[in-house]
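Peer 1:
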Amino acid sequence: MLRCKICGFPRRYSSVFEWQGDGTILASQRLRMPLMFLEVNEWDFIFNELTSKVGSPVEHILIEAQKNVGKTIYEIARGLYMNIDVKRIPSFLKLQFLAKLLIWSVRNYVAAMGAGSIGLVSYKAGESATLSFINPCLIPMVVGNCLGIYECVEEMPGSSAEYKVEGGTLYVRMSHAEESRVSAERLYLEEPSSGEGKLTFEKCRCGVPERISQSFIWNLEAGEIRNKKTGMREGMVAVQSMNAILRELAHELGEEVLDMLYDSQKQYSRQKLESKKAETANHHSFWNEYLSEMGARGFGYPVSFQTTESSVSVEIKSAYNQILYAAKIAGAVEALTDRNSNITWGENEPSYGKYTISAE
Ligand SMILES: [Zn+2]
70 MLRCKICGFP
80 RRYSSVFEWQ
90 GDGTILASQR
100 LRMPLMFLEV
110 NEWDFIFNEL
120 TSKVGSPVEH
130 ILIEAQKNVG
140 KTIYEIARGL
150 YMNIDVKRIP
160 SFLKLQFLAK
170 LLIWSVRNYV
180 AAMGAGSIGL
190 VSYKAGESAT
200 LSFINPCLIP
210 MVVGNCLGIY
220 ECVEEMPGSS
230 AEYKVEGGTL
240 YVRMSHAEES
250 RVSAERLYLE
260 EPSSGEGKLT
270 FEKCRCGVPE
280 RISQSFIWNL
290 EAGEIRNKKT
300 GMREGMVAVQ
310 SMNAILRELA
320 HELGEEVLDM
330 LYDSQKQYSR
340 QKLESKKAET
350 ANHHSFWNEY
360 LSEMGARGFG
370 YPVSFQTTES
380 SVSVEIKSAY
390 NQILYAAKIA
400 GAVEALTDRN
410 SNITWGENEP
420 SYGKYTISAE
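For the sequence shown, the working numbering gives the first residue as 70, with consecutive numbering after it.
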């Protein structure tokens, strides 16, 4: 794997990722897909909290929602590595070929995601396939991706999965199913944002913002991204995953799920900042840094941001998800003021959010 000689960022990714002025990261391949860097711990916290508030597992909903992202990844991988039509392969070659295609399709993506190192345990064409992931994380997303790709490779309407973690390795056994349990209409993926905005970065010659290339260490063998500054594990995730997941959760469990997610995200962001009092002492430079960091991670960047002593007003078109972005802002307001906060929404559309968050 070639890496940038200056910053060490994997060249395969720096050549296709574009950090845009509206705080989004676009992977421009045959299909354009917005991506983001998410702390694994943050994801785990938010969804573990949700599971305990809902009182039953939500993983199966996450997996279903992630399937379409898997299908998009498959399309990208197929375009990159083998621009061929599977249907035209002679049937005596097809079995072996499909198994390899399945792995090739996901291997690089999984390593780039930082979601572990993938292997094929067994494959029976038309019946089942079992994959292993050493050093796994973001498990529902990984399982959902696998199922989406599996359905594409085997050209079938539905699939089901059993999965377990044993000795630090995730095993995913996928098999044919009649049809998808979820309406495909709810699982659409949105168009990427315009990319225009005021955010700028100090960038390495390879095009990667220095704040990313200097803090993220990529261990592609182990499928792991580590943040040097925080010591935490990071994952690279499709922005559309998050929206598909939230949409599906709200449909299955009711709109109040979105309030639960908002509260969990706010709590996580607040607690994280409360341990860093020095960084939050100067409010003006804190907000600059906080918003730029979120933009570099692909979470979006506001078109307008105004602060007073105890409130902030935000207008944003490019948020990875309006509710979770707002919750991150609210967590910071609470950490800065040492008070709880309330949010008043003016607009809450997928591509336009306008709200004020005030300390109580
Ligand atoms: Zn570089």
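Ideal Cβ positions, reconstructed from N, Cα and C, are used throughout, including at glycine.
Please read all numbers here as calculations on a predicted model, not as lab measurements.
Give a yes or no on contact between the region 74-82 and the region 346-353, applying the rule of three or more CB pairs nearer than 8 Å.
Peer 2: Judged by Cβ distances under 8 Å, the region 74-82 makes no contact with the region 346-353, as fewer than three pairs qualify.
Peer 1: Given a threshold of 16 other Cβ atoms within 10 Å of its Cβ, counted over all protein chains shown, does residue 177 qualify as buried or as exposed?
Peer 2: Classification for residue 177: buried.
Peer 1: Between residue 280 and ligand 1, is there a pair consisting of the residue's CB and a ligand heavy atom that are separated by less than 7 Å?
Peer 2: No, ligand 1 has no heavy atom inside 7 Å of this Cβ.
Peer 1: Measure from the alpha carbon of residue 327 to the alpha carbon of each residue in 396, 221 and 187, then state which is nearest.
Peer 2: When only C-alpha atoms are compared, the closest one is 396.
Peer 1: Leaving out five residues before and five after residue 363 in sequence, what residues of the same chain have Cβ atoms less than 8 Å from its Cβ?
Peer 2: If we look at residue 363 and ignore the five residues flanking it on each side, its Cβ neighbours are 92, 369, 370, 394 and 397.
Peer 1: Buried or exposed for residue 23, going by 16 or more other Cβ atoms inside 10 Å?
Peer 2: A question about residue 23 goes unanswered here, because the residues of the chain that appear run from 70 up to 429.
Peer 1: Do the region 203-222 and the region 178-189 meet, that is, are 3 or more Cβ pairs less than 8 Å apart?
Peer 2: Yes: at least three Cβ pairs fall under 8 Å.
Peer 1: On the criterion of 16 or more Cβ atoms from any shown chain inside 10 Å, does residue 205 qualify as buried, or is it exposed?
Peer 2: Residue 205 is buried by the Cβ-count criterion.
Peer 1: Can you tell me whether residue 286 sits near ligand 1, meaning its C-beta is under 7 Å from at least one heavy atom of the ligand?
Peer 2: No, ligand 1 has no heavy atom inside 7 Å of this Cβ.
Peer 1: Do residue 135 and residue 210 have their C-beta atoms within less than 8 Å of each other?
Peer 2: Result yes, Cβ atoms of residue 135 and residue 210 sit closer than 8 Å.
Peer 1: As a quick exercise: from 336, 138 and 124, pick the residue whose alpha carbon is nearest that of residue 322.
Peer 2: With distances taken between Cα atoms, residue 322 lies closest to 124.
Peer 1: On the three-state DSSP scale, how would you describe residue 274?
Peer 2: Note: residue 274 maps to coil in three-state DSSP.
Peer 1: Quick one: complete alpha helix (DSSP H) runs, 4+ long, within the region 281-362?
Peer 2: Entirely contained in the region 281-362, the alpha helix (DSSP H) runs reaching 4 residues are, in chain order, 308-322 and 325-343.
Peer 1: Are the Cβ atoms of residue 317 and residue 118 separated by less than 8 Å?
Peer 2: It is not a contact, given that the beta carbons lie outside the stated cut-off.
Peer 1: Following the continuous alpha helix (DSSP H) through residue 400, name the residue where it begins and the one where it ends.
Peer 2: Start and end: 391-406.
Peer 1: Note down the Cα distance separating residue 289 from residue 70, rounded to an integer number of angstroms.
Peer 2: Approximately 8 Å, taken between the alpha carbons.
Peer 1: Considering residue 103, what are the terminal residues of the beta strand (DSSP E) in which it resides?
Peer 2: Looking at the DSSP string, the run of the beta strand (DSSP E) that includes residue 103 is 101-108.
Peer 1: Taking Cβ to Cβ, would you say residue 382 is nearer than 8 Å to residue 375?
Peer 2: Yes.
Peer 1: Could you give the residue range of the alpha helix (DSSP H) that holds residue 384?
Peer 2: Per DSSP, residue 384 belongs to no alpha helix (DSSP H); it is in the beta strand (DSSP E), 380-385.
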